[in-house]
Amino acid sequence: MDIMIRNEPVNEVQAYQYLGVKMDKSLTYVEHKDKIYKEAMRRVKLLSRIRRDISPLVAQSIYKTMIEPILLYCNNLFLGDTVSSIEKFQKVQERAFKIAYGNNIQNNWTKLEKIRNRS
Numbered sequence: 013m014d015i016m017i018r019n020e021p022v023n024e025v026q027a028y029q030y031l032g033v034k035m036d037k038s039l040t041y042v043e044h045k046d047k048i049y050k051e052a053m054r055r056v057k058l059l060s061r062i063r064r065d066i067s068p069l070v071a072q073s074i075y076k077t078m079i080e081p082i083l084l085y086c087n088n089l090f091l092g093d094t095v096s097s098i099e100k101f102q103k104v105q106e107r108a109f110k111i112a113y114g115n116n117i118q119n120n121w122t123k124l125e126k127i128r129n130r131s
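Every number in the working numbering is 12 more than the matching position in the sequence shown, counting from 1.
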């Protein structure tokens, strides 16, 4: 299908990145979610490697500033997503939280599955 704006053809692309979100042709955001997952896991692994050498306060700051924002930015893309996809990201978040805060503190971060069920 040819789309024209002011008699100029608009190029069709498979994916487009806007404000850090990679949108694909069918708006499934698969590439974007894969990118988020890989980046979050990379940072969680880094936190895991350095955790014994830093204080709990520093670990929590790293979690709050370097991991949590990646998982929360545009998290409404998960609305209507499959349970397995949501659980994959939930495990990343829970692992990061456990590394930063330890086993004795309850995680009060809203589960992605609860967000999904609200829609």
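Beta carbons are placed, not taken as given, at the ideal position from N, Cα and C, and that holds for glycine.
Quick caveat: nothing in here was measured; it's all calculated off a predicted structure.
Going by other Cβ atoms of all chains shown within 10 Å of its Cβ, with 16 needed for buried, is residue i buried or exposed?
i	result
L31	exposed
R55	buried
L59	buried
I98	buried
L83	buried
Looking only at C-alpha atoms, which of the options sits nearest to residue i?
i	options	result
K34	D93, L91, C86 and Q102	C86
A112	V95, I66 and L91	I66
M78	K57, T94, N88 and M16	K57
D46	K110, N115, F90 and V70	F90
K110	E51, R63 and P81	R63
L69	H44, G114, S96 and Q102	G114
I'd like the list of long-range same chain contacts for residue i, defined as Cβ closer than 8 Å, with 5 residues on each side in sequence excluded.
i	result
M53	V104
Y41	V33, K34, M35 and L89
With a threshold of 6 Å on Cβ separation, who are the neighbours of residue i within its own chain once the five nearest residues in sequence on each side are excluded?
i	result
I15	V22
K37	Q26
Tell me which same chain residues have a C-beta within less than 7 Å of the C-beta of residue i, skipping the five on either side of it?
i	result
K100	Y49
A108	V56, L59, Y75 and I79
Pairing CB atoms from the region 74-83 with CB atoms from the region 14-28, are three or more of them under 8 Å? no
Where are the alpha helix (DSSP H) runs, 4 residues long or more, that stay fully inside the region 57-89, in chain order? 68-74 and 80-84
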